[in-house]
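Be aware that the sequence shown starts at 105, since it is given in the working numbering, and climbs by one per residue.
These notes concern the structure reproduced below.
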Amino acid sequence: MTYDAVRQAMERIRPPADPNLEGLVCQRMSMLTKPAGSLGRLEDLALRVALMRGEMSPAIRRKRMVVFCGDHGVTAEGVSAYPSDVTRQMAANFVRGGAAISVLCRQYNIECVVVDAGIEGDPVPGVVPGKIAPGTRNFAREPAMTREQAEASIALGFSQASDADLLGAGEMGIGNTTSAAALMAAFTGLDPAACAGRGTGVDDATLAHKVDVIRRALDLHRPDPANAIGTLAALGGFEIGAIAGFILGAAASRTPVVLDGFIACSAALVVRALCPTALDYVVYAHRSQEHGHAAMLTTLGADPLLDLGMRLGEGSGAALGMQVVESAVRLYVEMATFRDAGVSEASA
């Protein structure tokens, strides 16, 4: 998969709009054995999935969570409570089945795929190879990646958005909340203090330093928010670029994609600048406790499904969101109608 192929696919992405299909879905929804509107947002969600898929009765047989992993050169600035080695260690933990995302994927029968977008060191057994480089460079001092590497990260993610009826996106990368906050500041114009949070649990002094690192990086690179690839290259992470490509791939194949929290949603900011129509295929799983995520969701016009006080990442919130999406679709498809069940309908 090349970025040229991704660009050609982007040109074919269309909004999931079909008034005829929408009418048919709403008609069936009104005939189900329940009071009108009683399933609330689940009804809207089922309609959205039907329109995304272009199917009157969409089926969710295969669910696929892809966790993109990559290291960040900006950790050299002391912005994280954990060393970079943890990215590699956690990727191995995902494969062994010992992480939170592993537990949730087992519980919900979601296939969990772990992809090396840029982990430092040798390949991790069981992790899908895709290493663009052994971590990004320190964006406080130079661009995080070249333009070619940014494009490669998007192409990598695009190539993984297949073979499923419902997709989920997660990530792992020590230092990536700093990258996500920098991207948020660049794309929204908000002050870094409104974007950066505690990430792995840094103290007040480290948080203030993290904000300062982002301010210096913005002054150094002067990113243009209209230039999505340039901004990603200056401040992003390989796993963030890969999630952006994953969203584009999902939209190109008309597959719903459920996004996790702050870091995954920073990839949606990249997509918004590249191909905003692709975001019509995104379901935002939850509102993270990470500082800045609420404002990021507002910028994206997103109304997340859940608000559980989570900020783990990995795709953990997305896995929960995927279960909500599947429940919405199954209720719409599998519930009996009043006629089928022999139940009297409400009188007007």
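Beta carbons are placed, not taken as given, at the ideal position from N, Cα and C, and that holds for glycine.
Residue i, enclosing beta strand (DSSP E) - first and last residue
{"i": "F172", "result": "K167 to G174"}
{"i": "S276", "result": "With the sequence shown as reference, residue 276 is identified as Met, and Ser is not the correct amino acid for it. That run of the beta strand (DSSP E) goes L270 to M276."}
{"i": "D226", "result": "Where D226 is concerned, there is no enclosing beta strand (DSSP E), given that its DSSP letter is neither H nor E."}
{"i": "V362", "result": "V361 to L363"}
For residue i, the three-state DSSP class (helix, strand or coil)
{"i": "D295", "result": "coil"}
{"i": "L155", "result": "helix"}
{"i": "T281", "result": "helix"}
{"i": "P233", "result": "strand"}
{"i": "E418", "result": "coil"}
{"i": "T240", "result": "coil"}
{"i": "D108", "result": "helix"}
Chain B within 7 Å of residue i, Cβ atoms only
{"i": "D220", "result": "Of the chains in the structure shown, none is chain B; there is only one protein chain."}
First and last residue of the uninterrupted alpha helix (DSSP H) at residue i
{"i": "D308", "result": "D308 to H325"}
{"i": "Y388", "result": "That residue, Y388, is in no alpha helix (DSSP H); its beta strand (DSSP E) goes V386 to Y388."}
{"i": "C130", "result": "P123 to M135"}
{"i": "S257", "result": "R251 to S263"}
Own chain partners of residue i with C-beta closer than 7 Å, once the 5 adjacent residues on each side are dropped
{"i": "G234", "result": "V219, D220, A221 and L260"}
{"i": "V375", "result": "A348, I351, L352, A382 and L383"}
{"i": "T106", "result": "A259"}
{"i": "A399", "result": "L294 and A298"}
Contact set for residue i: own chain, Cβ-Cβ below 6 Å, skip 5 residues either direction
{"i": "G101", "result": "Summary: the structure shown does not reach residue 101, with the chain confined to residues 105 through 452, and so no result is reported for it."}
{"i": "C299", "result": "A285, M288, A289 and G396"}
{"i": "L378", "result": "A332"}
Burial state of residue i, where buried means 16 or more other Cβ atoms lie within 10 Å
{"i": "N197", "result": "buried"}
{"i": "Q112", "result": "exposed"}
{"i": "G413", "result": "exposed"}
{"i": "C216", "result": "buried"}
{"i": "D175", "result": "buried"}
{"i": "Q264", "result": "buried"}
{"i": "E430", "result": "buried"}
8 Å Cβ shell around residue i - same chain, five flanking residues per side excluded
{"i": "F442", "result": "M135, L136, T137, S448 and E449"}
{"i": "R358", "result": "P120, M156, R157, G158 and Y385"}
Next item on the list: Give a yes or no on contact between the region 156-163 and the region 248-261, applying the rule of three or more CB pairs nearer than 8 Å.
Entry: no
Notebook entry, point to check: Can we say the region 247-257 touches the region 188-202, given the rule of at least three CB pairs closer than 8 Å?
Noted result: no
Notebook entry, point to check: Do the region 229-247 and the region 132-139 meet, that is, are 3 or more Cβ pairs less than 8 Å apart?
Noted result: no
Note to self: Check whether the region 401-410 and the region 166-186 touch, using three or more Cβ-Cβ pairs below 8 Å as the test.
What the structure shows: no
Next item on the list: Inspect the CB distances between the region 177-186 and the region 142-155 and report whether three or more fall short of 8 Å.
Entry: no
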